[in-house]
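*Asks:* Residue numbers (the working numbering), protein chains in the order written: chain A, 1165 to 1557; chain B, 1165 to 1557; chain C, 1165 to 1557; chain D, 1165 to 1557.
First the structure, which I've put down as structure tokens, then a few questions once you've had a look.
Pasting the structure below:
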């Protein structure tokens, strides 16, 4: 029997459900070196927190995140609140010696993210670990893409194209949510979806962005207020019913060109206005010897082009990334059986627990999260200066 | 707090893992009227059973399935053993008043299946429920296909084409497993994959097959014996290493044409020899007003053709069946987030528990399972008589 | 300047247009050893024949096909009439020393086809060539598939699946055409579309079918008579407007299982009732080392699966068969530029002219056409005897 | 019999073949109001010009383009030379009263294009017509996309994404061609492929670009000199064999964000470095009521998303744009039969001849071509000023 690892989850929206599922399922499929215990769920509203805890299987609840930080019997603080509160909670937790898993984007500002990365660096000296939750790295297909690129299968990288296309704001009557308010969400689609493609592009290519030229746009600048605060994490779907409207204070389209540290150019688009695209996180990396191409709407597949084989047999190979030898897959089902969105979260806590047990720093670190925040900030600054090229950091 | 529903799972191969995951996860996403408890895991080998129970979270273990049947504190017997043992266990469980969920195919022979259906009918009079586990009915896309067809969206059915294509026997050195031995598996690909497409085609069309013309074939008639019995449920992947070989006593390709009760023709192919097809359960139903088309390798999608709209806009619409209004989806993630293979099992136990709580017969019933068995038997008989048309039953 | 090759085209429906385009275009892209001259167009109605000749660029016209056979200044008789007249015209032409290109299916009956093959054999001794027009062999993707299979790229063949799906008869009010009358068309979808997949499957695999088990069905047995005879070759699209109806005397669905000469099984479906499938001729060949898969609706692509490479990179490769090294492609456009349906006809006359100039027998020969006719006949006989297995020939 | 329209074609590379095929084929399928005659082919090298004329069917040849302009018996000058010579030839032809069809991009500079547009405007007063050859507008799928957008099927436009991806420069040893030399080609991928997506995006949306933020890049700055000048129009494929290298003086990647006249944002990428993408001109337009999506590698299809129908049936509909009611299709084959790359050129001359006969200005006009040139120029200027937003014109 493994030693327990007692988890407190702070927040219980959409990400709370995903993280809860991950903590519950991971030890059933992966041989974790520590045994996660779903100890404490924290939320602002006692009733709703209790209901979520009952539904998802958390033993205790609290309405005060400081309890998670201060209790002796908590080992990990898992943060899934809106970005504005990440810094305060994470820094307190790290200073209290708790390992921290924090949802992306790391924070709402570079300053916050810097403080968090500093806190993580200090904590690391005491064996306390911190990780930011870029879960899309953990899908078999994206990890396989990274492995192929790192192994030289596509040669030298020529170009990157990344996009994250959703359409839930196309309807001008889709309601306002905290994700559309600058003071809560920090930014709009840039921080939400843009952060994902920045991280994934950097992860798969193994290169950091060094400068950007960007444009931000708000196509619909006011929306109906929702009937209630809602616990849906802001990804509504319903139309607003009231007549009161509130201002959309964030971008709903973010476009930028980025240059990676070795000069490679990449195109990036994050949007909630791509009609008909439900969750199309797409990444294509072109190289001198091949290419990889991924689309989250078909997450069990990776397209791979081998430029080195016989010319008459070349084409994009649609790899169904469900073979036992593919990353993470061996722990699940026999070949050919699809995984889903939530499996990335299972892999995430698996990797996190493994790192915690080993006392080794997990990846992506808070420093990585800070660097993504710096890219986001550079895009914002570039957009404010006629899209002129702006260095990262 | 709901009343508990205490489960005993008999068997712990690949299907044991899938069912365990379903019992664990279902109450976390669906509001079940009874609270499943993972009480007892039964397997032949004490050590391996204990290991599986620890991994999957079953409270107790036994090496004797009769314990599951006889214990007072068990409400449901969930059977995931090879087909040869289904009848004995299921009938005993039903007679002992246990609700039964039994993996497909219901049995290895029509006689066994008939006895099981009879036992289920008797038990039903006492409010004891029985269901056979055709899990592919429970995917959002397949249920949506059924709903569209039942609602008239494709008009009168013209034709059905069904196939279940896998390739794990293409390699002649893939090892022998119980799935390739007639005395254990009953039949080969016909009963394993063929049963799925028979059930799914009948479910989506709402029609039963009444006669068939079929062909069975064994392309590789001996294979290396595996190193050990293995707990993988027979879907190996490894190549055999020893020199000893055993006879393959079942079909590895099953082809048949079927006629449904209103005369509609369908084509059926079940094979483990379709190179490159990993898990391609495909169903297409053509009708006078439209068509639906599904492929399990892309299980979050349903293709729908509307023959009634403007001619210049017609085509197959690739519906991403991940919207809140789609079957089962509302309980999971926001729109656009993919589900996986295992979710069908979660839906299966959800529907089963709901029926048990309501005291209403779940579907597909053992009678449905028997009818599928009769189709399988008719195919076998047709194949033995020069593929001549053979009535079902 | 090459020696002229004077062509007479008999018939001017849909196929007449396709063949005319082929004769006109082939010498502009391929270096033909003889210079085709579009000399004579033959049709029953003088006015419509003259109009077609003017449109398509034929120098002279006639209403009597015997003129094509008897004139000294005609070298080739190209036959695109309905099947019932193929034998008489082709045999007369061959006996008159004309090279013959005859549309598929070769004839409406085995007897006719036999007489034609005999005539072709006699003519061949005098250097007179005959070819049957299975044009789908001549697409770059299908020829490439054949080359891959012949070169061992998929190893030993395990299975074949072939289908030709159209939907122009789904509407019960689609008009009657000569293609739906037994006395003119010989058979229905079996001879029309079924002949194509028989030929293509045999061509790509390099194997002949030796026995079949088949089913034929007519789903709509009467249809409105068209307003006029029409020159559309019977592929209407319009709905009938009159109230008079005529009997459909041919099959609209043909299903069969076939066994090739080395025992390989194949499934075949030809239908005009596959709602939403416009021209889906599909062929997949599974082998021990790989697979090829083709769909005429995406005719510039061939899917190829290589079972011999690294397991983690396997998948169907979507080869865009538009590279200079691919069959026929070098004569056309730079890499990546799509060809269309009609290009197969251009390749057909190119191959035909090349064979005629070389004095070597073109392929597929009339004997090949006869063999396809025998397969069709065997399917019909099998269908009449409860789908029992029936030898070919 | 229609009045003749005597054509002179100036240039005989890749585009010469495409235009020749168009002139030859168009009158065979479309009922043109004038009868094109392929009168004169002009090229610099007498021998190669004569060979091309013989191959493609031009009656006469010349090595001096002024002959085409000066001869009384020429009605149309069709210009397919490299961009540097467009202005001189086109202006002379227009001043001589010849109708002009000029390949895209209209010119190498805005100054040249302005002079050409001015000349066209003057000529138009005398009934002399001028058109620029953006052939991709003329595919059934792209024209259908425009019609859908213009008819309101996608509502108000939200976003545009356009890309033209090729990979023939990925290999650093691919030879230098005139397309890679600034003095001949004017620009690199921007003018060649970028011009296409600018025109197509503007055509389908019905909106002009008003400002851009762009980046140009040359990834490989020297390449082997080809063995000979070649007649391939610069789309080699072969690798250079010699040791001598020449400088690549144009961009091979062009990225820009554009704003249309009503504020809509679009992303644009033109590249010859997208490994595995052979001819992927892609355009997606997102609107409040739907979306259209096109890829030239699948040119017979248009994806259409209808945001107004039942939510549970929404998805991208893959329209096979081969029905008789689709643009241009009725003149060709029955439903379901694919067209190819060259058909766009046939449609182009059909539309051109129709406009000439009607005495009405064809579209796209030289003024349209100038506007595209202005966009290209703005991208270049933006790229030179840190990608800052730069007005068009």
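C-beta: ideal position from N, C-alpha, C; glycine also.
Mind listing, in chain order, the continuous alpha helix (DSSP H) runs of no fewer than 4 residues lying wholly within the stretch 1338 to 1380 of chain A?
*Replies:* Qualifying alpha helix (DSSP H) stretches, in chain order: 1346 to 1349, 1359 to 1369.
*Asks:* Among residues of its own chain, excluding the 5 on either side of residue 1419 (chain A), which ones have a beta-carbon nearer than 6 Å to its beta-carbon?
*Replies:* 1379, 1433
*Asks:* So, does the CB of residue 1440 (chain B) fall closer than 8 Å to a CB anywhere in chain C?
*Replies:* yes
*Asks:* To the nearest angstrom, report how far apart residue 1565 (chain A) and residue 1172 (chain D) are at their CA atoms.
*Replies:* Chain A is shown only over 1165 to 1557; residue 1565 (chain A) falls outside these bounds and no answer can be derived.
*Asks:* For residue 1484 (chain D), which beta-bridge partners are listed by DSSP?
*Replies:* DSSP, once it has assigned bridges, lists D:1465 as partnering residue 1484 (chain D).
*Asks:* Compute the Euclidean distance between the alpha carbons of residue 1237 (chain B) and residue 1231 (chain A), then round it to the nearest angstrom.
*Replies:* 39 Å
*Asks:* Applying a beta-carbon distance threshold of less than 7 Å, which residues of chain D neighbour residue 1477 (chain B)?
*Replies:* 1468, 1481, 1483
*Asks:* State the CB to CB distance for the pair residue 1174 (chain C) and residue 1241 (chain C), rounded to an integer number of angstroms; the pair is presumed to be in contact (CB under 8 Å).
*Replies:* 6 Å
*Asks:* Taking only beta carbons into account, state which residues of the stretch 1272 to 1294 of chain C come closer than 8 Å to chain E, listed in chain order.
*Replies:* This model lacks chain E altogether; the protein chains it does include are A, B, C and D.
*Asks:* For residue 1280 (chain B), report the span of its alpha helix (DSSP H) as first-last.
*Replies:* 1274 to 1288
*Asks:* Could you tell me the boundaries of the alpha helix (DSSP H) in which residue 1414 (chain D) lies?
*Replies:* Bounds of any alpha helix (DSSP H) do not take in residue 1414 (chain D), whose DSSP letter is neither H nor E.
*Asks:* Cβ closer than 7 Å: which chain C residues qualify as neighbours of residue 1159 (chain D)?
*Replies:* Since the first residue of chain D shown is 1165 and the last is 1557, residue 1159 (chain D) is not available in this structure.
*Asks:* Going by the beta-carbon positions, is the gap between residue 1321 (chain C) and residue 1453 (chain C) smaller than 8 Å?
*Replies:* no
*Asks:* Rounded to whole angstroms, what is the Cα-Cα separation between residue 1210 (chain A) and residue 1227 (chain A)?
*Replies:* Near 6 Å, if we compare the C-alpha coordinates of residue 1227 (chain A) and residue 1210 (chain A).
*Asks:* Looking at the structure shown, is residue 1478 (chain D) part of a helix, part of a strand, or coil, going by DSSP?
*Replies:* coil
*Asks:* Would a check of beta-carbon distances place residue 1431 (chain D) closer than 8 Å to chain A?
*Replies:* yes
*Asks:* Decide yes or no for the touch test of the stretch 1366 to 1383 of chain C against the stretch 1535 to 1544 of chain C: beta carbon pairs closer than 8 Å, at least 3 of them.
*Replies:* yes
*Asks:* Does DSSP put residue 1292 (chain D) in a helix, a strand or coil?
*Replies:* coil
*Asks:* For residue 1553 (chain B), return the contacting residues in chain C, with the cut-off set at a CB-CB distance below 8 Å.
*Replies:* 1550, 1551
*Asks:* Output, in chain order, the set of chain C residues within a Cβ distance shorter than 7 Å of residue 1509 (chain D).
*Replies:* Near residue 1509 (chain D) there are no residues of chain C at all, since even the closest Cβ is about 11 Å away, more than 7 Å.
*Asks:* Would you decide whether residue 1184 (chain B) is buried or exposed? Buried here means 16 or more other CB atoms lie within 10 Å of its CB.
*Replies:* buried
*Asks:* When you compare the CB positions of residue 1530 (chain A) and residue 1292 (chain A), do they come within less than 8 Å of one another, or not?
*Replies:* no
*Asks:* Once DSSP output is grouped into helix, strand and coil, what is the label at residue 1532 (chain C)?
*Replies:* Of the three classes helix, strand and coil, the one that applies to residue 1532 (chain C) here is helix, per DSSP.
*Asks:* For the stretch 1471 to 1483 of chain D and the stretch 1444 to 1463 of chain D, state whether three or more C-beta atom pairs, one from each stretch, are separated by less than 8 Å.
*Replies:* Result yes; three or more Cβ-Cβ pairs closer than 8 Å.
*Asks:* Applying the 10 Å Cβ sphere with the 16-neighbour rule, what's the burial state of residue 1448 (chain B)?
*Replies:* With 16 or more other Cβ atoms within 10 Å, it is buried.
*Asks:* Looking at residue 1277 (chain D): is its Cβ nearer than 8 Å to the Cβ of residue 1271 (chain D)?
*Replies:* yes
*Asks:* What are the boundary residues of the alpha helix (DSSP H) that residue 1166 (chain A) is part of?
*Replies:* According to the DSSP assignment, residue 1166 (chain A) belongs to no alpha helix (DSSP H), since it is labelled neither H nor E.
*Asks:* On a CA-only basis, which of A:1294, A:1525, A:1366, A:1188 is nearest residue 1301 (chain A)? Give me that one, please.
*Replies:* A:1366
*Asks:* So is residue 1395 (chain C) in contact with chain B if we call contact Cβ pairs under 8 Å?
*Replies:* Low local confidence applies: a pLDDT of 41 at residue 1395 (chain C) is under 50, so the model's placement there is unreliable, with the coordinate-based value given in what follows. Not one chain B Cβ lies under 8 Å of residue 1395 (chain C).
*Asks:* So, with DSSP's three-state summary, where would you put residue 1298 (chain D)?
*Replies:* coil
*Asks:* According to the Cβ coordinates, are residue 1273 (chain B) and residue 1350 (chain B) closer than 8 Å?
*Replies:* yes
*Asks:* With residue 1431 (chain B) as the anchor, note down where its beta strand (DSSP E) starts and where it stops.
*Replies:* If you look at residue 1431 (chain B), you'll find it in the beta strand (DSSP E) that goes 1429 to 1435.
*Asks:* What separation, rounded to the nearest whole angstrom, lies between the Cα atoms of residue 1286 (chain D) and residue 1555 (chain D)?
*Replies:* One C-alpha to the other measures close to 27 Å.
*Asks:* How is the beta strand (DSSP E) around residue 1451 (chain A) delimited, first residue to last?
*Replies:* 1444 to 1451
*Asks:* Going along the chain, which residues of its own chain have a beta-carbon closer than 8 Å to the beta-carbon of residue 1193 (chain B), five neighbours each way excluded?
*Replies:* 1495, 1496, 1510
*Asks:* Would you call the stretch 1503 to 1517 of chain B in contact with the stretch 1298 to 1313 of chain B, where contact means no fewer than 3 C-beta pairs closer than 8 Å?
*Replies:* yes
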